Every structure is written in structure tokens, then in C-alpha cells.
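From first to last, the protein sequence lines are chains A and B.
When the letters of the first sequence are read in order and numbered with my numbering, they come out as residues 1 to 113.
When the letters of the second sequence are read in order and numbered with my numbering, they come out as residues 1001 to 1112.
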Amino acid sequence: DAGITQSPRHKVTETGTPVTLRCHQTENHRYMYWYRQDPEHGLRLIHYSYGVKDTDKGEVSDGYSVSRSKTEDFLLTLESATSSQTSVYFCAISEGGANTEAFFGQGTRLTVV
Amino acid sequence: SQQGEEDPQALSIQEGENATMNCSYKTSINNLQWYRQNSGRGLVHLILIRSNEREKHSGRLRVTLDTSKKSSSLLITASRAADTASYFCATANTGTASKLTFGTGTRLQVTL
């Protein structure tokens, strides 16, 4: 398995609280991604990063922010969690962006109550 | 909105049979990729086919790409129970070198 670690793996939080998910890689890949997976929508891109401090929005970025202060870490923050953000969150890394294969973490199951 | 749409949504076959899944997309692409996801796990990359390629093989996997029809197919030959998983296509659209857009997936069940 590629060296990707997501933490935490499971989290239950209350509506209105901020939540931060962490993705850590040991592969030194340039690109890092956050996706959410929902049964009715499949996998959707939230935010991605193409280098340290270089990030951009995906298709479902509202209510989420990201930061990448070093190559190996990509943080996803839910600024004020809502029930609609209950989902499974996946981090992925890629050496060459969309033109090379992506490696996925094991996922974080987040429940907002 | 999803770029790729897989068909069928679910497929059930017996071990030893072949499984074919299709993916249709809407815009021009640089490449198309297929991924597998076992229940409760992350996605695993299977194969990447570039827009100037028509067919690619990897072990028991065969992928075709028809850019004129904006469609791709994934064939798994001689399926095994261990192939039970969800399969997703993902497209790298022309002009967006950074992002992959995933379809909603095909759930494959292989029974003994």
C-alpha cells in the first residue's frame, strides 16, 4: 500500500462544531486530494492541492477549507459541521495529477449528529 | 455533476464467467482510469488508458476506449469471488490536468 494515513478513521461530532481531518503521506507526491463518498452521489472532489500552500476547489467545496503547509500533510477542515457532511472522506495522492494513478487512503467515516 | 456514468449499477455473475462494465462520459478527456473498491476500503487503481489508446490489458483485465462515443468498457475475464467489489471509472478532462472526476460505480457480485 502507498504510504497514506488518514486520521481519525472514525469520528462522531455535533452539529456546529469544527472538525479537522488529517491526511499524511510518505511518498513525496506533489498532488493531494480530498473526496467525499456518498451512496447516491459516488465520489466527489472537495479540494485538492498541487503543491505546498497551493490549493484549489473541487465540485463540493462549500463548508470545507484545506491547508497544506508541508508536502506530507493535507488537512481538511469542516468549519461548522452539518448533518449533510456526514460521509466517508477519502484522501488521495498522485505524483502527476490526473495524468497518473492516484493512491487512496483507507477513509474516515464522519458522523455529524 | 458526475462526468462518468457506469452501467450497469449492479452486476451479479457466477465464478468463472466474464464481467463487463461500461462507462460513459461527457467531455473530452486526456485519459480514463478504472479503480476497484472493496467494501469499507479505499479505492485501488487498476488501469489507465490514454485518449490516443483504444485497448489495454492487465492480467485478466481488458479496457477499451472509444473517444468518438465517449465510452469505455472494463472486462474482467474468468471472474473470481475475490473480484467482488465496486468498480469506478474516472476521467481526466482535457484542460484540467490536476483533477480526476469519478463516476458512481458498478457493484459487482461474484458468487461461487
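Virtual Cβ for every residue (Gly too), placed ideally from N, Cα, C.
Keep in mind the model is a prediction, meaning the values are calculated, not measured.
How is residue i classed by DSSP in three states: helix, strand or coil?
i, result
"SER80 (chain A)", "coil"
"GLY97 (chain A)", "helix"
"GLN106 (chain A)", "coil"
"ASP62 (chain A)", "coil"
"GLN85 (chain A)", "helix"
"ALA1082 (chain B)", "helix"
Using a Cβ-Cβ distance cut-off of 7 Å, determine whether residue i contacts chain B.
i, result
"CYS42 (chain A)", "It should be noted that the sequence gives Gly, not Cys, for residue 42 (chain A). Chain B, which has a Cβ nearer than 7 Å to the Cβ of GLY42 (chain A), makes this yes."
"GLY16 (chain A)", "no"
"GLY97 (chain A)", "yes"
Can a CB atom of chain A be found closer than 7 Å to the CB of residue i?
i, result
"THR1104 (chain B)", "yes"
"LYS1099 (chain B)", "yes"
"GLY1042 (chain B)", "yes"
"HIS1057 (chain B)", "no"
"ALA1092 (chain B)", "yes"
Are residue i and residue j closer than 7 Å when you measure CB to CB?
i, j, result
"ILE1047 (chain B)", "LEU1032 (chain B)", "no"
"VAL88 (chain A)", "THR13 (chain A)", "no"
"ARG22 (chain A)", "LEU75 (chain A)", "yes"
What whole-angstrom Cβ distance do residue i and residue j have, given they're in contact under 8 Å?
i, j, result
"ASN1043 (chain B)", "LEU1108 (chain B)", "According to the sequence as given, residue 1043 (chain B) is Leu; it is not Asn. About 14 Å; that fails the 8 Å criterion."
"PHE1102 (chain B)", "GLY1004 (chain B)", "7 Å"
"GLU79 (chain A)", "SER65 (chain A)", "6 Å"
Discussion item. For the region 99-110 of chain A, list every residue whose C-beta sits within 8 Å of some C-beta in chain B, in sequence order.
Written reply: ASN99, THR100, GLU101, ALA102, PHE103, PHE104, GLY105, GLN106, GLY107
Discussion item. Against chain B, which members of the region 47-76 of chain A pass a CB distance test of less than 8 Å?
Written reply: TYR48, TYR50, ASP56, GLY58, GLU59
Worksheet item: Taking a cut of 9 Å between CB atoms, which residues from the region 18-38 of chain A lie near chain B?
Response: TYR31, TYR33, TYR35, GLN37
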